Amino acid sequence: MTRKDVTGIFLLVSFALVTAFFYHSFLSPGMALQGQWDPDQGVVKAVPTRDADSSMEILNPDVVRQMVQKKEWIILDVRPGEIYDQGHLPHAVSFPLMAFDEALPQFLTSTQRSSDILVYCASIECTDSHTVAGRLKNLGYTSVKVFSGGFRQWQEKGYEIEKNED
Amino acid sequence: MLVFIIKLVLGITFIYASWHKIEDPAGFARIIYGYGIFPGASINLMAMTLPFIELVAGFSLIMGVYPRSALLIINALLAGFILVIGFNLLRGHQFDCGCFSIPSQGHAASNIFLLVRDVFLLGFGMVAWRFIRAS
Chain A
2 MTRKDVTGIF LLVSFALVTA FFYHSFLSPG MALQGQWDPD QGVVKAVPTR
52 DADSSMEILN PDVVRQMVQK KEWIILDVRP GEIYDQGHLP HAVSFPLMAF
102 DEALPQFLTS TQRSSDILVY CASIECTDSH TVAGRLKNLG YTSVKVFSGG
152 FRQWQEKGYE IEKNED
Chain B
8 MLVFIIKLVL GITFIYASWH KIEDPAGFAR IIYGYGIFPG ASINLMAMTL
58 PFIELVAGFS LIMGVYPRSA LLIINALLAG FILVIGFNLL RGHQFDCGCF
108 SIPSQGHAAS NIFLLVRDVF LLGFGMVAWR FIRAS
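Going down the list, the sequences are from chains A and B.
Mapping the first sequence onto this note's numbering, position 47 (from 1) lands on 48, and the numbers just tick up by one.
Mapping the second sequence onto this note's numbering, position 10 (from 1) lands on 17, and the numbers just tick up by one.
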């Protein structure tokens, strides 16, 4: 390796870093320098979670279980329908993110804006529940929560699971 | 001729691989997290910068701008990928490589294939290194 090789590495890497800086600062902003990658703090994601999103999250699965048992909350499972069929939280309604627009009109007529809504998806690594919860909040729903641990944590806890037999 | 083909293959591979990651840095960050190796504080920074290093190295290898330096970067990255994938395979950690695309769910079909592919690419890279003269 020559001196020129080392200079070249320095120049190429510097150019790449400057390009990355300009790209993420001006052309496509949206990524924070620090993400939320600690599962103990809620759903892991690239953007910081200490925003409005995080206040919706319920981290404690026991609290979610109490909510489920009370049957006062509308529980939305936003995973794909076929995965919902294989097992879901008791009383949960299938409301796949992929089919959000199709399912929305009926949901709007069958619920009130003040209805208590709990949304969950696959796991602590899944942000679909946040996406749906965010959309519902934008539509005017005032009581929307997200179960951070999702179905995986529910299953790991050994809590009751409902299945749709075909 | 052989060196030219190797440079083309490696360059195009790296440019192509960087593209999806640049388009969806949050998805790439999630994949880096999935490796279960890197500290949380470094994940976003890696997701934002690594694809540009791949892109610049790929282009400069093909265009002949500091080709030896570009090749060194590419070989170092490949060696890094091999270490990381190999380490996770050895400890049986399920992960999604995210090398070329960013799937919404599930894992890459075969991480062993990815490891073998990277070993081959590194082999090509080392062959090319022997033949690209220092000027």
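We treat Cβ as the ideally placed atom computed from N, Cα and C, and that holds for glycine.
Here the structure is a predicted model, which means the values were calculated and not measured.
*Would you identify the three-state DSSP class for leucine 128 of chain B, choosing helix, strand or coil?*
The three-state secondary structure of leucine 128 of chain B, taken from DSSP, is helix.
*Over what stretch of residues does the alpha helix (DSSP H) that includes leucine 77 of chain A continue unbroken?*
That residue, leucine 77 of chain A, is in no alpha helix (DSSP H); its beta strand (DSSP E) goes 75-78.
*Please state if the CB of isoleucine 118 of chain A and the CB of alanine 93 of chain A are separated by a distance shorter than 8 Å.*
For alanine 93 of chain A and isoleucine 118 of chain A, no; Cβs fall outside 8 Å.
*Neighbour flag for glycine 150 of chain A against chain B, beta carbons, 8 Å*: Not an interface residue.
*Since leucine 17 of chain B contacts leucine 128 of chain B with CB under 8 Å, what's their CB separation in whole angstroms?*
A Cβ-Cβ separation of about 6 Å places leucine 17 of chain B in contact with leucine 128 of chain B under the 8 Å criterion.
*Chain-ordered residues of the stretch 6-22 of chain A with a beta carbon less than 7 Å from chain B*: Answer in chain order: Asp6, Gly9, Ile10, Leu12, Leu13, Val14, Phe16, Ala17, Leu18, Thr20, Ala21.
*CA nearest to the CA of alanine 83 of chain B, picked from B/Phe94, B/Pro32, B/Ile44, B/Val126*: Per the Cα distances, B/Val126.
*To which residues of the same chain is arginine 140 of chain B closer than 7 Å at the C-beta, ignoring the five residues directly before and after it?*
Same-chain partners within the cutoff: there are none.
*asked:* My output table needs one value for valine 63 of chain B: the three-state DSSP class, helix, strand or coil.
replied: In the structure shown, the three-state DSSP call for valine 63 of chain B is helix.
_Taking a contact to mean a Cβ-Cβ separation below 8 Å, would you say alanine 123 of chain A touches arginine 66 of chain A in this structure?_
No; because the gap between Cβ atoms is not below 8 Å, this pair is not in contact.
*Just to confirm, does valine 44 of chain A get its C-beta within under 7 Å of one of the non-hydrogen atoms of the ligand ZN?*
Of ligands this structure carries none, so the ligand ZN is not represented either.
*Can you tell me which of the three DSSP states leucine 140 of chain A falls into?*
It is coil, neither helix nor strand.
_Test item: CB-CB of alanine 36 of chain B and alanine 21 of chain A under 8 Å_ = Contact annotation: alanine 36 of chain B and alanine 21 of chain A have beta-carbon atoms that are not nearer than 8 Å.
*Below 8 Å CB to CB, which residues in the same chain sit around glycine 82 of chain A once its five sequence neighbours on both sides are set aside?*
Excluding residues within five positions, the ones whose Cβ falls inside 8 Å are Ser95, Pro97, Ala100.
*Who does glutamate 163 of chain A pair with in a DSSP beta bridge?*
BP columns for glutamate 163 of chain A point to A/His89.
*Pair every Cβ in the stretch 9-21 of chain A with every Cβ in the stretch 144-164 of chain A, then say whether three or more of these pairs are closer than 8 Å.*
The way I'd put it, the stretch 9-21 of chain A doesn't touch the stretch 144-164 of chain A; fewer than three beta-carbon pairs between them come closer than 8 Å.
*Using 10 angstroms around the beta-carbon of glycine 144 of chain B, count the other beta-carbons present and answer buried if the total reaches 16, otherwise exposed.*
For residue 144 of chain B there is no data in the structure shown, the boundaries of chain B being 8 and 142.
*For aspartate 1 of chain A, is the classification buried or exposed, using 16 other Cβ atoms within 10 angstroms of its Cβ as the cut-off for buried?*
Outside the shown range of chain A (2 to 167) lies residue 1 of chain A, about which nothing can therefore be said.
*asked:* Can you pull the chain A neighbours of arginine 75 of chain B, defined as C-beta to C-beta under 7 Å?
replied: Result: Asp6, Gly9.
*Going along chain A, which residues have a C-beta under 9 Å from alanine 24 of chain B?*
The premise fails here: alanine 24 of chain B is roughly 14 Å from chain A at the closest Cβ pair, so nothing lies under 9 Å.
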